[in-house]
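What follows is one structure encoded as structure tokens, with my remarks underneath.
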Ligand SMILES: [Zn+2]
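Numbering (the UniProt record's numbering), first residue to last: 1 to 261.
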């Protein structure tokens, strides 16, 4: 089984002490390529640096997460534009809207999201998107740019069936994480994950966050790692009524086409 983790926050400090071991474990568990999420100005630099150090295995995105929207300046915009041109950077983002925590004011989030939509349109690279509790505003803005970008993935999708259908109608890809394994808040996803066309379903860990709650044994440190992607793949396969081999093969092909791996 060969898997691609399309969302791994490998720049996170929790990976600093054993990065090479984590990467090795991912490879031995069939995760052959990973897209390292860039979620801030410096984090995007770091993601690019990791991709350069592991050519063919790690790739990067470049963007500013809505949590950090208040930090977005003209300098950031110019810098992201530079990064977006780099061959290792395969998508613009993580960008989007997060009204769940509102770490940045909504008007600032909207402005910063639109500026990054424009970067993707100008550079002609796909979008790596984040949306929480902001479906209405997010959809309205995305609609205006969807035709201008080659592809878009709504990463870590956690919203409703109606929201899913809106994104599929916009020809978006959908990223599913171990959120689906969370019996407290992810069970609704199990009911409609089969509605995602096989060529638009991407799978991801969002490591070090979202350790799948159904992994046994649960690691004592609670840190999620790309190696657990196989577990997520198996859970999704069961909900879709298909074999894990099929889910793996299709999502890997979809990821390779999306990110040009
Ligand atoms: Zn996210």
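Note that the Cβ used here is the ideal one computed from N, Cα and C, for glycine as well.
Can you give the beta carbon distance from residue i to residue j, rounded, assuming they're within the 8 angstroms contact cut?
| i | j | result |
| --- | --- | --- |
| residue 180 | residue 168 | The pair is not a contact, with the Cβ atoms about 17 angstroms apart (cut-off 8 angstroms). |
| residue 97 | residue 116 | Wrong, their Cβ atoms sit about 11 angstroms apart, outside the cutoff. |
| residue 48 | residue 83 | 6 angstroms |
| residue 93 | residue 128 | 3 angstroms |
| residue 31 | residue 59 | Incorrect: roughly 13 angstroms between the Cβ atoms, too far for contact. |
Run the CB neighbour count on residue i, radius 10 Å, all protein chains shown included, and call it buried at 16 or more, exposed below.
| i | result |
| --- | --- |
| residue 187 | exposed |
| residue 21 | exposed |
| residue 263 | Look at the range of the chain in this structure, 1 to 261, and you will see that residue 263 is not part of it. |
| residue 75 | exposed |
| residue 191 | exposed |
| residue 206 | buried |
| residue 147 | exposed |
By DSSP, does residue i sit in helix, in strand, or in coil?
| i | result |
| --- | --- |
| residue 59 | strand |
| residue 19 | helix |
| residue 2 | coil |
| residue 98 | strand |
| residue 210 | coil |
| residue 170 | coil |
| residue 64 | coil |
| residue 119 | helix |
| residue 24 | helix |
| residue 134 | coil |
| residue 236 | helix |
Identify, in the order they occur along the chain, each residue of the same chain with its Cβ nearer than 6 angstroms to the Cβ of residue i, setting aside the five sequence neighbours on each side.
| i | result |
| --- | --- |
| residue 213 | 181, 182 |
| residue 29 | 227, 230 |
| residue 199 | 254 |
Near residue i, which residues of its chain fall below 7 angstroms by C-beta distance, leaving aside the five closest residues on each side in sequence?
| i | result |
| --- | --- |
| residue 245 | 1 |
| residue 193 | 176, 180, 236, 239, 240 |
| residue 106 | 99 |
Short of 8 angstroms in beta carbon distance, which residues of its chain neighbour residue i, apart from the five on each side in sequence? Order them along the chain.
| i | result |
| --- | --- |
| residue 54 | 23 |
Under 6 angstroms, CB to nearest heavy atom of ligand 1: contacting residues: 94, 130, 155, 156
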